[in-house]
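Single-structure report; data block below.
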Amino acid sequence: MKRVFSGVQPTGNIHIGNYLGALKQFVDLQEDHECIYCIVDEHAITVPQDPKELRKHVLDVAALYMAIGIDPRKSIIFVQSSVSGHAELGWILCCNSYTGELTRMTQFKAKSGGQESVGTGLLTYPVLMAADILLYDTDVVPVGNDQKQHIELTRDIAIRVNNKYGETFVVPEGRFMKAGARVMALDDPTSKMSKSSPNNHSRISLLDEDSKIKKSIMRATTDSDGEIRFDPENKPGVSNLLSIYSAFSGTAIEDVEADFRGKGYGDFKKALVELTKEALAPIRQNFNEIRESEELIRVLDEGAEKADAIAQKTLKRVRDTFGLGYR
1444 MKRVFSGVQP TGNIHIGNYL GALKQFVDLQ EDHECIYCIV DEHAITVPQD
1494 PKELRKHVLD VAALYMAIGI DPRKSIIFVQ SSVSGHAELG WILCCNSYTG
1544 ELTRMTQFKA KSGGQESVGT GLLTYPVLMA ADILLYDTDV VPVGNDQKQH
1594 IELTRDIAIR VNNKYGETFV VPEGRFMKAG ARVMALDDPT SKMSKSSPNN
1644 HSRISLLDED SKIKKSIMRA TTDSDGEIRF DPENKPGVSN LLSIYSAFSG
1694 TAIEDVEADF RGKGYGDFKK ALVELTKEAL APIRQNFNEI RESEELIRVL
1744 DEGAEKADAI AQKTLKRVRD TFGLGYR
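If you count the sequence shown from 1, you need to add 1443 to reach the numbering used here.
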């Protein structure tokens, strides 16, 4: 079976954009792939974090992994900082990447905000992401469409090392969802849904109560046209809601359009509220059962052991490639 690796940062509640863009794939892939899923806490500290909150969020994300259907009997679930090989390989790859390619990264430009001086981790975290992937001889990386540039950087570094030193890394492929892969903010459908938006109703988190789901969707930006039609350029708000409906229902967007032809935005939003509530209720219930359980810690401990065993084999090969160590 091909090997899959992906990870999620433990920063705040995971929202439906994260779920539909990447996490839903995690569950599907474990049926016919060897899957390794990580909580990437080392990525989170590229910006200041409250240590207690960070550890809480690590466990929250781990519990959510299991709540959405990732099965530790089929997949490895672990925390990035529990396997020291991520940091070790990250440094080796930093020595084989270039400042020019890192400063051109779209997310670095956005997060640095044009400042002359920013934290070094903000610049180099795409290299750590490459290390996360290459450490496990990954074949497939399921991520949201916004991560395409990072996957290309990972491939470029792997190919660069392979060409210079001989076959060292597996060159991975990205796997990107089409429908629902880029869920936009409910209040501003020209911007991606984000955990960091100050408007709580710009997003729907996986653990939101039914009343919050309803309020956020009913407040979602649409237009004055009144026609339920998929047209991202001219009708971004309605198109975003159609994408969400399509992704949750498994129905093609054109079929959703047909189902609501002649109906108003109010009717469409109410239907989307019920669909979203129905999709998220079992996740919330599962999470509440798992979050404080001893099983959660056991799964993470066992996952770290399994992940480290794979990582050490890769690191042995990489150390030999670069002549590190003395035996």
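Glycine residues also receive a C-beta, built at the ideal position from the N, C-alpha and C atoms. Keep in mind it's a predicted model, so treat the numbers as computed, not measured.
Item                                                                                                                   : Value
Runs of alpha helix (DSSP H) lying entirely within the segment 1621-1692, each at least 4 residues, in chain order     : 1653-1661 and 1679-1692
Any beta strand (DSSP E) of 3 or more consecutive residues that is wholly inside the segment 1564-1619                 : 1583-1586 and 1616-1619
Span separating the alpha-carbon of N1643 from that of K1657                                                           : 13 Å
V1584 burial status per 10 Å Cβ neighbour count (16 or more: buried)                                                   : buried
Alpha helix (DSSP H) segment containing R1498, residue limits                                                          : P1494 to I1511
With 16 other Cβ atoms within 10 Å as the buried cut-off, status of D1503                                              : buried
Whole-angstrom C-beta distance between F1551 and L1743, which should lie under 8 Å                                     : Wrong, their Cβ atoms sit about 30 Å apart, outside the cutoff.
Neighbourhood of I1602 by C-beta distance below 8 Å, restricted to the same chain and skipping five residues each side : V1614
Delimiting residues of the beta strand (DSSP E) encompassing R1446                                                     : R1446 to V1451
Nearest neighbour of I1740, chosen from G1464, A1487, V1501 and C1478 [CA to CA]                                       : V1501
Inter-residue spacing [alpha-carbon to alpha-carbon] between I1459 and L1767                                           : 43 Å
Beta bridge counterpart(s) of V1522 as assigned by DSSP                                                                : I1482
Sub-8 Å separation of N1456 and L1649 beta-carbons                                                                     : yes
Beta-carbon separation (whole angstroms), D1666 vs K1678, contact threshold 8 Å                                        : 6 Å
Q1523 beta carbon less than 8 Å from that of C1478                                                                     : no
At least three beta-carbon pairs within less than 8 Å, the segment 1465-1474 to the segment 1691-1698                  : no
CB contact check: Q1728 to chain B, cutoff 8 Å                                                                         : Given the protein chain composition of this structure (a single chain), no chain B is represented.
Where A1574 falls, given that 16 or more other Cβ within 10 Å makes a residue buried                                   : buried
CB contact flag (N1588, F1612, <8 Å)                                                                                   : no
Per DSSP, cross-strand counterpart(s) of H1458                                                                         : S1648
Paired residues, beta bridge with E1531 - DSSP                                                                         : None, per the DSSP bridge assignment.
Opposing strand residues paired with E1544 [DSSP bridges]                                                              : Paired residue(s): none; E1544 is not in a bridge.
Residue environment, A1505, which counts as buried when at least 16 other CB atoms sit within 10 Å                     : buried
Near the ligand COA: A1601 beta-carbon under 7 Å from a heavy atom                                                     : This structure simply doesn't include the ligand COA, nor any ligand for that matter.
Minimum C-alpha distance to G1705 - residue among E1595, G1680, D1668 and S1634                                        : D1668
E1676 versus D1651: straight-line alpha-carbon distance, rounded                                                       : 29 Å
Per-residue burial, G1617 [other beta carbons within 10 Å of its own, 16 or more giving buried]                        : buried
DSSP-derived helix/strand/coil call for E1721                                                                          : helix
Which of helix, strand or coil DSSP assigns to E1559                                                                   : coil
Assigned secondary structure, E1474 (DSSP; H/G/I helix, E/B strand, else coil)                                         : coil
Residue nearest to Q1468 in terms of C-alpha spacing, selected from K1607, V1604 and V1586                             : V1586
C1537 in three-state terms, based on DSSP                                                                              : helix
Endpoints, alpha helix (DSSP H) assigned at T1694                                                                      : Neither: T1694 is in no alpha helix (DSSP H) and is coded neither H nor E.
Cβ separation of I1660 and V1716, assumed to be a contact under 8 Å, to the nearest whole Å                            : 5 Å
When E1610, K1495 and E1559 are compared against D1580, the one with the closest alpha-carbon                          : E1610
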